[in-house]
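Quick notes on the structure that follows.
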């Protein structure tokens with residue numbers, strides 16, 4: 001038995017409309033977890049038609065949902081009963097205006113408040129949240145960083161952009 | 167005139183059903199970019215009902231959509247004409263089985279292939295993608311990491327978990 005497992009998605013996004021993107025995301029490992037079409041858009045202030053959430057709405061929902069999913073998935077294994085679970089908080093970034101590109105960006109801080117209704121001890125509830133943090137793919141990606149490789153295809157040209165290691 | 171601007175979201179996620187989470191995400195800065203209700207779920211293999219995409223489907227769409235949005239948003243400012251834009255690729259993680267918690271996780275590598283249809287020069291197209299990378303909130307979060315603060319509320323107890331700096 002292997003002590004690791006792969007989790008992998010493939011995707012294709014197409015720009016349509018003014019700022020709308022239609023992204024098909026396919027779960028390819030460890031099991032086929034489904035194919036979903038997820039559209040993003042921007043509000044009129046940013047040149048879009050507000051036909052869908054922005055990428056950062058989805059990012060924020062992914063962070064929240066990932067931790068919440070792992071809290072419930074790990075609860076049984078850790079012997080903690082979860083009768084109710086609500087998570088609220090904030091995600092925050094800073095944009096720096098520059099020229100000629102409009103701006104560059106950096107994250108500031110993300111804050112999660114986890115409300116758990118449980119007859120288990122507070123120690124056990126905290127241990128569950130700590131385990132879920134380590135098991136949350138999104139949080140571990142933020143904590144550890146990851147290399148994002150970019151290849152640009154333009155006409156017959158294909159260029160691999162320089163990578164900054166995570 | 168300030169040379170920075172804030173980008174901020176607040177959210178509340180509620181666990182419902184078996185593994186479904188219903189997350190309300192509110193854009194609060196720099197302008198009210200809208201409120202969206204985004205649900206996540208898991209497939210039956212992971213104890214869910216597959217009523218919605220998983221958090222990692224959304225995460226993958228957010229990464230893709232963020233870069234695509236900035237490519238189009240920055241194109242005019244950089245004088246690059248974008249007649250067509252398709253991005254495809256993969257996101258990849260590894261899970262490590264452990265006990266008693268089921269597993270811990272780490273990102274492996276994300277790969278984006280950016281197809282741009284443009285009468286502009288390849289140099290200008292590449293410069294646009296480089297600028298969009300630096301302007302993409304999601305990519306910069308992955309490159310720089312970010313501290314995620316956790317507070318657990320259980321009954322009358324409120325505990326701030328130890329932070330690992332980004």
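Protein chains in written order, with the working numbering: chain U, 1 to 166; chain G, 167 to 332. Note that the Cβ used here is the ideal one computed from N, Cα and C, for glycine as well.
According to DSSP, residues forming a beta bridge with residue i
i	result
residue 326 (chain G)	G:317
residue 38 (chain U)	U:23
residue 9 (chain U)	U:27, G:257
residue 15 (chain U)	U:21
residue 4 (chain U)	G:262
Per-residue burial, residue i [other beta carbons within 10 Å of its own, 16 or more giving buried]
i	result
residue 197 (chain G)	exposed
residue 264 (chain G)	exposed
residue 4 (chain U)	exposed
residue 242 (chain G)	exposed
residue 80 (chain U)	buried
residue 22 (chain U)	buried
residue 48 (chain U)	buried
residue 250 (chain G)	exposed
Sub-8 Å separation of residue i and residue j beta-carbons
i	j	result
residue 62 (chain U)	residue 222 (chain G)	yes
residue 130 (chain U)	residue 260 (chain G)	no
residue 154 (chain U)	residue 288 (chain G)	yes
residue 25 (chain U)	residue 226 (chain G)	yes
residue 180 (chain G)	residue 86 (chain U)	yes
residue 133 (chain U)	residue 67 (chain U)	yes
residue 100 (chain U)	residue 244 (chain G)	yes
residue 312 (chain G)	residue 282 (chain G)	no
residue 113 (chain U)	residue 317 (chain G)	yes
residue 9 (chain U)	residue 28 (chain U)	yes
residue 46 (chain U)	residue 239 (chain G)	yes
residue 216 (chain G)	residue 34 (chain U)	yes
residue 58 (chain U)	residue 269 (chain G)	no
Requested in this report: Examine the Cβ distances between the region 126–139 of chain U and the region 274–292 of chain G and report whether three or more of them are shorter than 8 Å.
Outcome: no
Query raised in the report: Do three or more CB pairs link the region 38–49 of chain U to the region 17–27 of chain U at distances below 8 Å?
Result: At 8 Å Cβ cutoff, the stretches touch.
Report task. Quick one: which unbroken alpha helix (DSSP H) runs of 4-plus residues sit fully inside the region 245–317 of chain G? Chain order, please. Result -> 288–301, 303–310
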